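Taking the numbering used here, the leading residue of the sequence shown gets 121, the next gets one more, and so forth.
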Amino acid sequence: GGVLKRAGHTEAAVDLARLAGMDPAGVLCEIVNDDGTMARVKDLVGFCKEHNLLMITIAQLIKYRRQNEKLIRRIAEARIPTPWGDFTSYVYESVLDGQQHVAMVKGAVQGERDVLVRVHSECLTGDVFHSLRCDCGIQLHAAMAAIEEDGLGVLVYLRGHEGRGIGLGHKIRAYGLQEQGRDTVDANVELGLPVDSREYGIGAQILNDLGITTMKLMTNNPAKYGGLEGFGLEITERVSLESVPNPENVNYLRTKRERMGHLLEGLD
């Protein structure tokens, strides 16, 4: 999947090698400015001009691959009546791993600007069993209600994101460590797992397939910006999805705010 699955430098290096007909391997080198800070695009443009080097951005590589490749296929659709109203459900299958994802669509979104969008990560415990440990189920319901009220919108439900990408079993093991006093970040680290390994490339391709280019994104997580904007989608507004904390999840929410950069208020 490369940059179409995750908009990262490692994936870009391998993709470039493969597109050049070479072995899928590359060497990464980070350029720093004289003051030790990491060079940004503007700095790198000047560096390349000075040393007569060619330059390509990850966004350009994604654009090229999107024009030539597709990692999803739409396999089914039907009307789904819900407590919030009628939605059209589109099922997409990843050509990489066969994972099936769902887009719940309200109204004729194709070609519309500033469509209300939620890209929701699968959470069995929160979405299905209404666990009080997280705010996932609450956010899911709030997003569906907001889309119904707006009359136009999309909720993309991404499978394979359980526990921020570590899987159900590992998530429950992490819960066990949290019972012993670790927070959600330290529990993952102690298990030798990434804090957050979710990738949003598949979600971006689903939104592209639905004809969405600009959106109002319902999220408290700034990481989703880069995960979607890197695929040519424009986020014109962030819509908060905050919930009322409870004794079971207030520390979890504080950790997301303080250690993961989530934009949350009302936790003190």
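Glycine included, every Cβ here is placed at the ideal spot set by N, Cα and C. None of these values were measured; they are calculated from a predicted model.
- Per the coordinates, the alpha-carbon of residue 251 lies some 5 Å from the alpha-carbon of residue 245.
- Just so you know, the alpha carbons of residue 313 and residue 285 end up roughly 10 Å apart.
- For residue 354 and residue 375, the gap between their C-alpha atoms comes out near 29 Å.
- With contacts defined as CB atoms closer than 8 Å, residue 340 and residue 383 qualify as a contacting pair.
- Taking 8 Å as the cut-off, the beta carbon of residue 243 is found closer than this to the beta carbon of residue 282.
- Taking the Cα of residue 209 as reference, the smallest distance to any Cα among 188, 231, 277 and 224 is reached at 224.
- In this structure, DSSP gives residue 288 a helical state, which the three-state scheme calls helix.
- In the assembly as shown, residue 291 is a buried residue. Its beta-carbon has 16 or more other beta-carbons within 10 Å.
- Scanning the region 124–188 for uninterrupted beta strand (DSSP E) segments of 3 residues or longer gives nothing; none is fully contained.
- Taking the C-beta atoms as reference points, residue 260 is found no nearer than 8 Å to residue 125.
- Here residue 334 carries a strand assignment [DSSP, helix/strand/coil].
- Spanning the alpha carbons of residue 143 and residue 310 requires a straight line of approximately 35 Å.
- Contact between the region 325–332 and the region 129–146 is absent: fewer than 3 CB-CB pairs across the two stretches fall below 8 Å.
- With respect to residue 368, residue 194 sits apart: the two C-beta atoms are not nearer than 8 Å.
- Residue 226 is bridged by DSSP to 273.
- With 16 or more neighbouring CB atoms inside 10 Å of its own CB, residue 256 falls in the buried class.
- Within the region 335–385, the complete beta strand (DSSP E) runs of at least 3 residues fall at 354–359.
- The three-state reading of DSSP puts residue 210 in strand, counting E and B together.
- Closest in C-alpha terms to residue 276, from the list 297, 303 and 241, comes 241.
- Here the C-alpha atom of residue 155 lies approximately 31 Å from the C-alpha atom of residue 305.
- Burial check for residue 360: the Cβ neighbour count within 10 Å stays below 16, so the residue is exposed.
- DSSP lists 213 as the beta-bridge partner residues of residue 220.
- Residue 197: member of the beta strand (DSSP E) spanning 192–202, first to last residue.
- In the three-state reduction of the DSSP assignment, residue 238 falls in the strand class, which pools E and B.
- For residue 297, the three-state secondary structure derived from DSSP is helix.
- Per DSSP, the unbroken alpha helix (DSSP H) holding residue 329 starts and ends at 321–329.
- Cβ contact annotation for residue 373 (same chain, cutoff 7 Å, sequence separation greater than five): 255, 365, 384 and 387, in chain order.
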